[in-house]
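In the numbering used here, the protein residues as written are 88 to 769.
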């Protein structure tokens with residue numbers, strides 16, 4: 088290839104990269120203009136951002152970990168892995184300290200994930216050596232809705248830093264990995280991805296399935312791939328043993344590692360016995376994995392897969408058909424591909440089908456030339472089947488878990504760009520190039536047509552208001568209870584301790600969430616109050632709409648309480664009613680805040696009321712009024728105090744104040760959901 092052509096291709100590829108980064112930044116900027124950027128991240132992204140910022144700016148991690156899951160504490164290095172944040176913090180301090188860390192983190196996600204464009208080009212160029220086709224497929228990946236939606240920087244997603252490493256691992260193996268340095272780089276890439284994002288284990292498991300299948304069905308001598316497996320073992324075993332995140336998650340006993348152990352142990356056997364030995368080793372390691380500590384950690388995901396299969400990937404209308412863990416985990420992110428996502432992939436899928444057909448035609452043509460050869464399993468065609476295996480695997484998985492579309496669109500783009508079209512024929516070349524251009528135009532229009540699809544399901548102005556109120560009007564030691572999607576914003580921006588968070592992979596957090604939902608939706612309001620006291624809660628933040636929502640992703644569904652009694656705490660919080668043990672302190676269009684009255688406050692209020700009763704009995708009305716008002720400040724729900732005050736005002740001939748106090752007492756009884764005849768007052 089001429090130097091001028093090489094330079095043109097390089098400049099074109101860089102232009103594609105810049106265009107894709109600019110697209111992501113432009114979408115985020117448009118949304119920031121619409122809503123502001125006071126809250127750079129929300130939901131789970133806010134939780135991860137809190138620790139990332141603390142690492143980057145050298146904040147007190149111990150204090151933050153206590154606040155992140157009050158009162159037990161949260162070990163960030165073990166539960167979410169801080170390695171990517173240490174790396175991001177290093178680059179931030181060295182080169183970007185002049186800008187806010189949140190802006191740097193948003194930009195870093197767009198820039199880093201878009202590096203995958205170069206990998207698409209490298210993989211496809213090796214296969215087809217058609218620069219126009221290779222650049223087009225790279226651009227399809229870069230501007231695809233499925234690729235863009237999670238990498239605009241609207242949220243902090245670890246996958247944006249893990250995916251390029253996984254795709255690099257695939258690219259290094261797509262090119263037959265003969266050199267030791269290439270194999271080491273592949274192992275390090277996979278290792279980094281596994282440290283950064285737990286979803287990387289899906290890719291790892293699929294790769295092991297492919298390698299095991301390759302041993303059984305390929306004509307290639309397994310000994311040629313044995314160094315690759317050993318190098319991966321040498322990298323992954325010590326990392327899993329010493330890295331706190333992988334060690335805590337028992338990665339040494341993961342399904343991927345079990346497959347790698349089996350592959351590594353067939354080395355002593357002769358070529359003839361390798362398949363037989365692997366056939367014996369696999370059941371052994373499957374049994375060991377089943378009995379290992381890894382299974383209890385990820386058992387909830389295995390159960391989710393089971394129930395998805397049982398109900399044909401359709402979440403049942405009746406929540407009682409699912410256990411709580413599955414009702415909690417079966418979220419929109421783990422739902423099947425939506426129509427919106429499928430629609431955006433239709434043109435690219437048609438090109439992908441055309442590419443598969445071209446592969447088939449090419450193999451048939453080669454078989455006609457060499458009818459005695461078995462080209463389907465020859466080493467020369469291994470990259471093709473390597474690509475097809477991952478494409479079809481993630482196509483099936485994406486139908487069950489929409490979040491895996493980030494893999495699907497990458498392998499789809501690689502498939503399109505690798506197609507062996509006979510572009511020497513002018514007509515074929517013109518038709519194919521036209522289809523490619525039309526697909527690019529469709530993807531560009533689809534991704535820029537409606538930016539609202541990239542917005543988070545958050546009412547920013549109301550969330551900003553409630554976060555600001557908590558930050559200004561509560562003590563620094565205050566503990567805030569809210570649902571696990573809302574809580575991270577109080578940790579990140581109000582800097583207050585929270586009880587629940589969205590990293591519910593751990594059994595203890597799922598149990599806390601289950602107790603929260605059960606006590607919130609049952610009739611006995613005392614149980615919810617006791618839950619708050621048990622967890623040291625000072626303020627409960629209620630999201631309006633929790634009571635009315637009965638969808639399959641609602642809190643009512645999660646609690647298995649689609650029929651909610653009006654006396655349930657959730658209903659009383661929803662309508663701003665009084666509730667024993669709580670005091671309404673703030674409200675906006677979306678959120679209400681209740682202060683949790685401590686047992687000490689209630690006890691002190693009772694003592695003050697008794698002192699007031701004594702003063703009233705002794706006809707010291709001024710002292711009695713003072714004590715009653717002090718008691719009312721501590722417990723504003725004690726309706727009896729209003730009637731005592733009304734009695735004092737009546738004795739002092741203050742009829743207007745007596746009537747007002749009586750009305751307030753009756754109103755309090757009504758808002759508490761009580762009957763006046765049951766109070767003993769007339």
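All C-beta atoms, glycine included, are put in the ideal place defined by N, C-alpha and C.
Item                                                                                                                                                                                      : Value
Ignoring anything shorter than 4 residues, give me the alpha helix (DSSP H) runs that lie fully in the region 300-334, in order along the chain.                                          : 313-329
Once the 5 residues before and after residue 295 are set aside, which same chain residues still bring their CB inside 7 Å of it?                                                          : 343, 346, 347
Which class does residue 630 belong to by DSSP, given the choice of helix, strand or coil?                                                                                                : strand
Touching or not, the region 490-504 and the region 214-222, by the rule of three or more beta carbon pairs under 8 Å?                                                                     : yes
For the alpha helix (DSSP H) that contains residue 594, what are its first and last residues?                                                                                             : 594-608
Tell me the rounded alpha-carbon separation between residue 369 and residue 498.                                                                                                          : 28 Å
Out of 341, 128, 604, 387, which has the shortest C-alpha to C-alpha gap to residue 379?                                                                                                  : 341
What are the residues that DSSP puts in a beta bridge with residue 202?                                                                                                                   : For residue 202, which the question treats as bridged, DSSP gives no partner whatsoever.
Taking just the CA atoms, how far does residue 170 sit from residue 245?                                                                                                                  : 11 Å
Taking the alpha-carbon positions, what's the residue 741 to residue 693 distance?                                                                                                        : 26 Å
Leaving out five residues on either side along the sequence, give the residues of the same chain with a beta carbon under 7 Å from the beta carbon of residue 769.                        : Residue confidence for residue 769 is low, a pLDDT of 47 falling below 50, so the modelled location carries little weight; the figure read from the coordinates is stated next. Here the set comprises nothing.
Which two residues bound the contiguous alpha helix (DSSP H) that contains residue 412?                                                                                                   : 411-416
If you follow the beta strand (DSSP E) that residue 670 is in, where does it begin and where does it stop?                                                                                : 669-674
Three Cβ pairs or more, each shorter than 8 Å: is that satisfied between the region 529-536 and the region 553-560?                                                                       : no
Just to confirm the assignment, what range does the alpha helix (DSSP H) spanning residue 682 have?                                                                                       : It is not in any alpha helix (DSSP H) - residue 682 instead sits in the beta strand (DSSP E) that spans 678-683.
Sort 157, 164, 120, 129 by Cα distance to residue 141 and report the nearest one.                                                                                                         : 164
Going by alpha carbons, who is nearest to residue 576 out of 190, 130, 90, 660?                                                                                                           : 130
Where does residue 298 land, buried or exposed, given buried means 16+ other C-beta within 10 angstroms?                                                                                  : buried
What is the DSSP secondary structure of residue 759, counted as helix, strand or coil?                                                                                                    : coil
Going by CA-CA distance only, name the one from 618, 353, 265 that's closest to residue 603.                                                                                              : 618
Based on Cα-Cα distance, which residue from 623, 622, 641 lies nearest to residue 631?                                                                                                    : 641
Count the other CB atoms within 10 Å of the CB of residue 785; is the residue buried (16 or more) or exposed (fewer)?                                                                     : Any question about residue 785 goes unanswered here, given that the chain covers just 88 to 769.
Would you mind giving the Cβ-Cβ distance between residue 726 and residue 760, rounded to the nearest angstrom? I have them listed as a contact below 8 Å.                                 : Not quite, the Cβ-Cβ distance comes to about 12 Å (not below 8 Å), so this is no contact.
Between which two residues does the beta strand (DSSP E) carrying residue 567 extend?                                                                                                     : 566-568
Which same chain residues end up closer than 7 Å to residue 416 when comparing Cβ atoms and leaving out the 5 residues on each side of it in sequence?                                    : 387, 391
Only counting the same chain, and skipping five residues up and downstream in sequence, which positions put a Cβ closer than 6 Å to that of residue 191?                                  : 179, 183
With distances taken Cα to Cα, identify the nearest neighbour of residue 438 among 739, 620, 224, 410.                                                                                    : 224
Report the option in 288, 198, 724 whose CA atom is closest to the CA atom of residue 327.                                                                                                : 288
Please state whether DSSP places residue 230 in a helix, a strand or coil.                                                                                                                : helix
Cβ of residue 199 within 7 Å of Cβ of residue 248?                                                                                                                                        : yes
Could you name the residues of the same chain whose beta carbon sits closer than 8 Å to that of residue 173, not counting the 5 residues immediately before and after it, in chain order? : 142
So residue 243 packs on residue 139, CB below 8 Å; how close in whole Å?                                                                                                                  : 7 Å
Do the region 659-679 and the region 705-717 touch if we need at least three Cβ pairs shorter than 8 Å?                                                                                   : no
What is the DSSP secondary structure of residue 579, counted as helix, strand or coil?                                                                                                    : helix
To the nearest angstrom, how far is the alpha carbon of residue 562 from that of residue 150?                                                                                             : 15 Å
Sort 601, 324, 582 by Cα distance to residue 589 and report the nearest one.                                                                                                              : 601
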